[in-house]
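Asker: Counting in numbering that gives the first Met the number 0, the sequence shown runs from 0 upward without gaps. Note that the Cβ used here is the ideal one computed from N, Cα and C, for glycine as well.
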Amino acid sequence: MKTSAPWRTPEVADTFTAAFAEHRAVTEAIRAQDAEAARIAMLTHHGHDRDRRIRQRVRVDRTSASATAPVGPGKPDGAGNALP
0 MKTSAPWRTP
10 EVADTFTAAF
20 AEHRAVTEAI
30 RAQDAEAARI
40 AMLTHHGHDR
50 DRRIRQRVRV
60 DRTSASATAP
70 VGPGKPDGAG
80 NALP
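1. Mind checking whether residue 28 and residue 39 have CB atoms under 9 Å apart?
2. In the DSSP assignment, the alpha helix (DSSP H) including residue 24 goes from what residue to what residue?
3. Is residue 47 closer than 9 Å to residue 17 when the C-beta atoms are compared?
4. State yes or no: is the C-beta of residue 14 within less than 9 Å of the C-beta of residue 55?
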């Protein structure tokens with residue numbers, strides 16, 4: 000069984016644990032042949048997964064933008080505007 004994820008970062012250490020619990024809820028509902036519970040669990044997981052990925056992407060974008068952004072007169076800022 001997979002116990003870690005390569006995209007897991009220290010800032011979101013509980014991401015994998017939360018996703019695993021959501022997957023478990025989906026599979027348990029399927030095993031119980033409860034279609035409505037499985038549907039709700041899957042929709043919940045998709046919503047949470049989307050939110051987690053957006054937070055990770057924003058965090059990565061902020062980190063890479065601040066680490067690589069040129070600084071000084073005439074250079075663009077993080078929003079693409081030229082600095083005076």
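Answerer: Inspection of the coordinates gives the following:
1. yes
2. 14-30
3. yes
4. Contact check for residue 14 against residue 55 passes: the beta carbons are separated by less than 9 Å.
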